[in-house]
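First up is the structure itself, then whatever we jot down about it.
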Amino acid sequence: MQNSAIYQRDLSTFIEHIREYKVAIVTTNFNHDITHTLSKNIIIDLCKLGMQQNNIACVLVAGALEIPFALQKLSLDNKYDALIAVGAVIRGDTYHFEIVCNQSALGIQEVSLKFNIPIINGILTINNLQQATDRLYKSSEFAYTTIDMILLSKGIYNGL
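For the sequence shown, this note's numbering gives the first residue as 762, with consecutive numbering after it.
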């Protein structure tokens, strides 16, 4: 397991804000054992940081290439403070891996910038299932980064 020391900033002074934030998580059904576990862990970690569970929405899509469309639809609703993309793309024998990884990441970035909303890219890009399992700890990083980026986007603190 990797060290997550960068994510140790104390957010307790922002708890009154965090309780009110709304987040949507878009999760792929492809490699569902990994993605659903990761999404559940993100929800648990967001709640540990002070977010109310009823302020967390979940949307299921087929695969990583469908994530940007779902994010765009959620952004149009204007009711979420941040979005989280969750997927697991496992390298195969063809160039398809690179296409899916690159295009999903580009789509996520484009939606974030177009709609001025923080979107956390929680798509694991891995070589095998063991690497995916080994990275389930990243849920805490994704949760912390979500709160961090919401605070930054609202001008509540400057991230330093």
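Beta carbons: idealized from backbone N, C-alpha and C, even for Gly.
Model, not experiment: these values are computed from the prediction.
Are Ile790 and Leu821 close, meaning C-beta to C-beta below 8 Å?
In the sequence under discussion, the amino acid at residue 790 is Asn, which differs from the Ile named in the question. For Asn790 and Leu821, yes; Cβs fall inside 8 Å.
Taking three-plus beta-carbon pairs below 8 Å as touching, is the segment 802-818 in contact with the segment 768-786?
yes
Option nearest Gly883 by Cα separation, candidates Val850, Gln891, Asn839
Val850
By the three-class DSSP mapping on this structure, what secondary structure does Thr906 have?
helix
With a cut-off of 8 Å, do at least 3 Cβ pairs link the segment 900-915 to the segment 860-869?
no
Ile908 versus Ile880, Asp838, Ala831, Val872, residue with shortest Cα-Cα distance:
Ile880
Could you tell me the distance, in whole angstroms, from the CA atom of Ala766 to the CA atom of Ala823?
Per-residue confidence for Ala766 stands at a pLDDT of 44, beneath the threshold of 50, marking its modelled position as unreliable; the derived number appears in the next sentence. Spanning the two alpha carbons is a distance of roughly 33 Å.
State buried or exposed for Ser773, treating a residue as buried only when at least 16 other CB atoms are found within 10 Å of its CB.
exposed
Euclidean distance between Cα positions of Ala759 and Arg780:
Examination of residue 759 is not possible in this model, given that the chain is present from 762 through 921 alone.
Report the residue ranges of all beta strand (DSSP E) runs contained in full by the segment 790-842; include only those spanning at least 3 residues, in chain order.
817-822
Around the Cβ of Asn764, are there at least 16 other Cβ atoms within 10 angstroms (buried) or fewer (exposed)?
In this predicted model, Asn764 has a pLDDT of only 46, less than 50, meaning its place in the structure is not dependable; the value taken from the coordinates is given anyway. By the neighbour-count rule (16 or more Cβ atoms within 10 Å), Asn764 is not buried but exposed.
Cβ shell of Arg852 (< 6 Å), same chain only, five flanking positions each side left out:
Phe858, Asn888
Is Gly916 helix, strand or coil when you go by DSSP?
coil
Taking Cβ to Cβ, would you say Leu835 is nearer than 8 Å to Gln864?
no
My output table needs one value for Asn889: the three-state DSSP class, helix, strand or coil.
coil
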